[in-house]
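Accompanying notes for the structure given below.
In the working numbering, the protein residues as written are 45 to 213.
Spelled out as structure tokens, the structure:
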């Protein structure tokens, strides 16, 4: 298998739309220990647009939008950019993993049990019991043993909690 030359150096951030930015900041900082890097807005497409161009329609395929954003950082990893659209209101259900655009966000945690307790305490839900994945290897490389637990944030976005076995207390 050949691959294209590397043009991308790294992922800078991912974006996630939530119905309530204040509530998302509350959950992701208190349940997962994130820190707000910055918060901006509201941004109004009507004010950003020039001439006949609809700024948000052109740039993010959401015409005539009014929105707020916040970047939340986690540990030494890449941040998540949270969007709250005030106008227009979109679909309020999170996509399932088999939907186009379906996703999950994986977080490395040092204590799976404590992380789950925090998430449940702040409005998240456990999707299933934790599973153990033994160390292994295949044609593409090797991986360490981990414990995994899938959870949902208060809006139904799927999160994956990973605890590497060598981090187990």
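For each residue, glycine too, the CB sits at the ideal point set by N, CA and C.
Just so it is clear, the structure is predicted and the values come from calculations on it, not from any experiment.
Under 8 Å, with one C-beta from each stretch per pair, do the segment 119-135 and the segment 171-190 reach the 3-pair mark? no
Quick one: what's got a C-beta closer than 8 Å to residue 213's C-beta in the same chain, skipping five residues either side? Confidence in residue 213 is poor, its pLDDT being 46 and thus under 50, which makes the residue's placement unreliable; the coordinate value appears in the next sentence. 154 and 155, listed in sequence order.
Of all the alpha helix (DSSP H) runs that stay within the bounds of the segment 64-124, which reach a length of 4 or more residues? 65-74, 89-92 and 99-104
For the segment 73-80 against the segment 159-168, do three or more pairs of beta-carbon atoms, one drawn from each stretch, fall closer than 8 Å, so that the two count as touching? yes
Taking its Cβ as the centre, do 16 or more other Cβ atoms sit within 10 Å of residue 144, making it buried, or is it exposed? exposed
Does DSSP put residue 173 in a helix, a strand or coil? coil
So, helix, strand or coil for residue 159, using DSSP? helix
Any idea what DSSP makes of residue 51, helix, strand or coil? coil
For residue 88, collect the residues of the same chain with a Cβ closer than 7 Å to its Cβ; drop the 5 residues on either side in sequence, then sort them by chain order. 110
Can you find the residues in the same chain that come closer than 7 Å, C-beta to C-beta, to residue 211, ignoring five residues on each side of it along the sequence? Residue placement at residue 211 is poorly supported in this model, since its pLDDT is 47, which falls under 50; the coordinates still yield a value, given next. Within the same chain, residue 211 has close Cβ partners 154.
Under DSSP, the beta strand (DSSP E) around residue 216 begins and ends at which residues? The displayed coordinates of the chain run from 45 to 213. Any statement about residue 216 would go beyond what the structure contains.
Contacting residues, own chain, Cβ-Cβ under 7 Å from residue 187 (five flanking each side not counted): 179 and 180
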